Amino acid sequence: MTEALTMLRILVRGGLATLWPWLILAISFGVNVAFYAAAGDDPAVARQSGGILSLFLTAVAANQQSWSHVLPFSLGLSGTRRGFVTGMGLFVLAQSVVAGGLLTALAAIESRSGGWWMQIRFFRTPVLDALAAPGKFAVLTAAMLAVSAVGAILGAVLVRWGSTGLWWLVAGLGVAGGAAVAGVAATGGWGRAITALAGQPWALLWVGIPLTVTALGATATWLIARRVALR
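In terms of the numbering used here, the sequence shown is numbered consecutively and its last residue is 282.
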């Protein structure tokens with residue numbers, strides 16, 4: 052656990068996954084505010100922004116780079132793979148809880164301020180509108196855990212097999228995803244699939260599925276990382 056806490060401190064102080072996603076989110080928010088301020092009260096301008104996605108997309112890249120930069124550094128200093136993975140897990144958990152709390156608070160401020168006095172919907176989405184604060188926190192925390200798990204898989208593959216392995220993974224997922232989509236379309240199953248999903252509780256869709264992705268990603272990441280060779 053001592054090594055894991057050391058890794059946690061390195062990741063927090065490094066700032067790569069700690070600050071960059073929030074910096075990109077702040078830039079996206081600033082651009083949105085400037086745009087809507089310039090648009091004024093024009094009713095033709097949609098007020099729902101997708102800018103909050105910038106945080107989650109950047110988190111994927113930031114977590115991937117944390118793996119590819121810090122894991123080789125750790126192993127070069129006689130660290131263990133288990134210590135790094137445990138420390139990274141603690142970091143991702145803390146990062147996700149902080150993100151869930153901050154985004155929930157910002158959504159509340161946005162609502163009470165009338166969308167930053169311009170009817171902007173930056174931190175609010177239709178999915179979250181009907182949920183109380185604890186539900187919003189759960190959904191946003193689970194989403195950050197899931198995207199961090201995706202970034203961890205990409206980072207572990209990059210460290211284990213290099214850029215070639217990463218491209219093969221992307222290509223393989225593209226082929227598998229395309230085949231699945233084509234198969235469902237060929238059997239006319241899209242309507243049944245959408246109806247089945249729409250009938251599920253929100254907690255299963257927006258919390259259960261992301262947590263399942265997180266668990267599968269963590270397992271796959273460990274299976275890859277434990278075979279990373281020293282360089």
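No residue lacks a Cβ here, since even glycine has one placed at the ideal position from N, Cα and C. Fair warning: this is a prediction, and the values are worked out from it, not measured in the lab.
Next on the checklist: With H, G and I counted as helix, E and B as strand and the rest as coil, what does DSSP make of residue 146?
Outcome noted: helix
Checklist entry - Where do the N-terminal and C-terminal ends of the alpha helix (DSSP H) with residue 131 fall, by residue? => result Careful: residue 131 lies outside any alpha helix (DSSP H) and carries neither H nor E.
Checklist entry - So is residue 198 buried or exposed if we call it buried at 16+ other beta carbons inside 10 Å? => result buried
Item to check | Reference residue 139; option with closest CA among 118, 130, 157 and 219 | outcome: Its Cα nearest to that of residue 139, the residue 118 stands out among 118, 130, 157 and 219.
Item to check | Contacts around residue 170, its chain only, beta-carbon distance under 6 Å, and the 5 residues preceding and following it disregarded | outcome: Excluding positions up to five away in sequence, the list reads 98.
Checklist entry - Is the Cβ-Cβ distance between residue 132 and residue 280 less than 8 Å? => result Cβ distance not < 8 Å, so residue 132 and residue 280 don't count as in contact.
Checklist entry - Assuming residue 134 contacts residue 58 under a Cβ cut-off of 8 Å, what Cβ separation, rounded to an integer in Å, is found between them? => result 6 Å
Checklist entry - How long is the line joining the alpha carbons of residue 175 and residue 189, rounded to whole angstroms? => result 14 Å
Checklist entry - Counting along the chain, where does the alpha helix (DSSP H) carrying residue 219 start and finish? => result 184-237
Checklist entry - Based on the DSSP output, what are the partners of residue 99 in its beta bridges? => result 172
Item to check | Nearest-angstrom Cβ-Cβ length linking residue 155 and residue 191, presumed shorter than 8 Å | outcome: 6 Å
Checklist entry - Using the rule of at least 16 other Cβ atoms within 10 Å of the residue's Cβ for burial, across every protein chain shown, is residue 204 buried or exposed? => result buried
Item to check | Whole-Å CB distance - residue 178 paired with residue 257, under 8 Å assumed | outcome: Going by Cβ atoms, the distance from residue 178 to residue 257 rounds to 6 Å, so yes, they are a contact pair.
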